[in-house]
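Trainee: The structure is given below, and queries will be raised subsequently.
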Amino acid sequence: MRRLFPATQDPDATTDREWEATEIADAYAYPDEHRSGDGWLRADMVSSLDGAAHHGGRSKPLSSPADMRIFGVLRALADVVVVGAETVREEQYRPARRRAEFAERRRAAGQTSVPAIAVVSASLHLDFSLPLFTEPEVPTLVVTGARAPHAGLAAARTAGVEVVTAGDEAGVDPVRLKRELVARGHTRLLTEGGPRLLGQLAAAGVVDELCLATSPRYTVGTAPRLMSGPEIEDPREMLLTDLLEDGGFLFARYRRS
Ligand SMILES: NC(=O)c1ccc[n+]([C@@H]2O[C@H](COP(=O)([O-])OP(=O)(O)OC[C@H]3O[C@@H](n4cnc5c(N)ncnc54)[C@H](OP(=O)(O)O)[C@@H]3O)[C@@H](O)[C@H]2O)c1
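Okay, so the sequence shown: first residue is 35 according to the numbering used here, each after it adds one.
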């Protein structure tokens, strides 16, 4: 991995070599603004060269070992990982894993041993007997609307899952989602998508940062883009803050302008 932007004379950053997880963590540290009261919501996504968000329903065919290392480090830096229910179902999500190399860093930052996972769902069609709900180190949350189906609510509560209400209807309001999680002390937020959830978060203007991995592979086909949903009125601009490269993959970091 090597840094392409911002330009630096530091050979440690510009020479292609494998980075330690702690170096990646330093490069991706949350900005101090996460303490602002509004939290800081970062999105981490991988795209094919032609803009596909998955291939055959999985993101793995687009990914690489470096992408997975960054994915893991972004989790290790977060208080909570927000994810859409379809991604949980398609990718068979499991609880976050404790990592020894981040134990001290997380403790010093006042964080739990691993981030909580917050699953966003209106239908609550989730299998509450899965390890994501039964075996997490930090309890998994389900975020839904006030009119969520009773059967799903009962199943979640029976499984001991905390249900967070963040919307007046069945669906979740992205602004309330962020506010509810920040109110629980989760100021370093990370979303891992998928595209339909991210489209809503982005359209509502609550995404502060996008960590975008561009794979040097194309797929053609009809897979969605990273943000899917109704088009917004005017394109919104973000600022490029960092660009790393590894094995032809580009790892860009953009923040809201
Ligand atoms: N390229 C990448 O980096 C990346 C990242 C993540 C996922 N993916 C891929 O993307 C695919 C899944 O993405 P997707 O866009 O279909 O689905 P998604 O965004 O993961 O999940 C959509 C589901 O989330 C829930 N949801 C979303 N917005 C909601 C709201 N406002 N209120 C309540 N619930 C809401 C709904 O769940 P209910 O149906 O339960 O109501 C909805 O069906 C998978 O193939 C996965 O591999 C790729």
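C-beta atoms are modelled at their ideal positions from N, C-alpha and C, and glycine is treated no differently.
Just reading off the alpha helix (DSSP H) that aspartate 46 is part of, what are its end residues?
Mentor: 45 to 48 is the span of the alpha helix (DSSP H), which, as asked, contains aspartate 46.
Trainee: Where in the stretch 132 to 186 do unbroken runs of the alpha helix (DSSP H), each at least 4 residues long, occur, reported from the N-terminal end onward?
Mentor: The qualifying runs are 134 to 142 and 165 to 168.
Trainee: Using the Cβ count rule (16 or more neighbours within 10 Å means buried), how would you classify methionine 102?
Mentor: Methionine 102 comes out exposed.
Trainee: Given a threshold of 16 other Cβ atoms within 10 Å of its Cβ, counted over all protein chains shown, does serine 81 qualify as buried or as exposed?
Mentor: By the 10 Å Cβ count, serine 81 comes out buried.
Trainee: Please return the same chain residues whose Cβ sits closer than 6 Å to the Cβ of arginine 181, not counting the five positions on each side in sequence.
Mentor: Hits under 6 Å: Glu203 and Ala204.
Trainee: For the stretch 211 to 276, list the beta strand (DSSP E) runs that are entirely contained and at least 3 residues long, ordered along the chain.
Mentor: Fully enclosed beta strand (DSSP E) runs of 3 or longer: 222 to 225 and 243 to 248.
Trainee: Figure out for me which residue from Pro269, Thr174 and Arg287 has the closest Cα to the Cα of valine 117.
Mentor: Nearest of Pro269, Thr174 and Arg287 to valine 117, Cα basis: Thr174.
Trainee: To the nearest angstrom, how far is it from the Cα of glutamate 171 to the Cα of alanine 238?
Mentor: Whole-angstrom Cα-Cα distance: 31 Å.
Trainee: Name the residue from Pro229, Leu75, Thr49 and Leu38 whose alpha carbon lies nearest to the alpha carbon of leucine 300.
Mentor: Limits of the chain in this structure are 35 at one end and 291 at the other, which puts residue 300 out of reach.
Trainee: Using 7 Å as the threshold, is the C-beta distance between aspartate 113 and cysteine 245 below it?
Mentor: For aspartate 113 and cysteine 245, no; Cβs fall outside 7 Å.
Trainee: With distances taken Cα to Cα, identify the nearest neighbour of leucine 86 among Met261, Glu67 and Asp207.
Mentor: The question names leucine, yet the displayed sequence has alanine at residue 86. Ranking the options by Cα distance to alanine 86, first place goes to Met261.
Trainee: Can you pull the DSSP bridge partners for alanine 286?
Mentor: Beta-bridge pairing links alanine 286 to Leu246 and Leu277.
Trainee: With respect to 6 Å, is the separation between the Cβ of alanine 156 and the closest non-hydrogen atom of ligand 1 below this value?
Mentor: Because some heavy atom of ligand 1 lies under 6 Å away, the Cβ of alanine 156 counts as near it: yes.
Trainee: For the structure I just gave you, are there three or more beta carbon pairs, one from the stretch 209 to 227 and one from the stretch 149 to 158, closer than 8 Å?
Mentor: Touching, yes.
Trainee: Grab me the residues of glycine 282's own chain with a C-beta within less than 7 Å of its C-beta, minus the 5 sequence neighbours each way, in chain order.
Mentor: If we look at glycine 282 and ignore the five residues flanking it on each side, its Cβ neighbours are Pro250.
Trainee: Quick one: measure Cβ to Cβ for glycine 73 and lysine 212, integer angstroms, because I've assumed they're closer than 8 Å.
Mentor: That belief holds up - the Cβ atoms of glycine 73 and lysine 212 are roughly 6 Å apart, short of 8 Å.
Trainee: Residues bridged to phenylalanine 39 by DSSP?
Mentor: In DSSP, phenylalanine 39 forms a bridge with Leu277.
Trainee: From Gln43, Ala47 and Thr42, pick the residue whose C-alpha is nearest to that of arginine 36; which is it?
Mentor: Considering only alpha carbons, the answer is Ala47.
Trainee: So, for valine 206: in the same chain, excluding its five sequence neighbours on each side, which residues have a beta-carbon less than 6 Å away from its beta-carbon?
Mentor: If we look at valine 206 and ignore the five residues flanking it on each side, its Cβ neighbours are Val154, Val177, Gly179 and Ala200.
Trainee: In this structure, how does DSSP classify arginine 128 when only helix, strand and coil are distinguished?
Mentor: Correct three-state label for arginine 128: coil.
Trainee: Quick check: what's the CA-CA separation for leucine 111 versus aspartate 280?
Mentor: C-alpha separation (whole angstroms): 21 Å.
Trainee: With which residues is alanine 77 paired in a DSSP beta bridge?
Mentor: Answer is Thr225 and Leu244.
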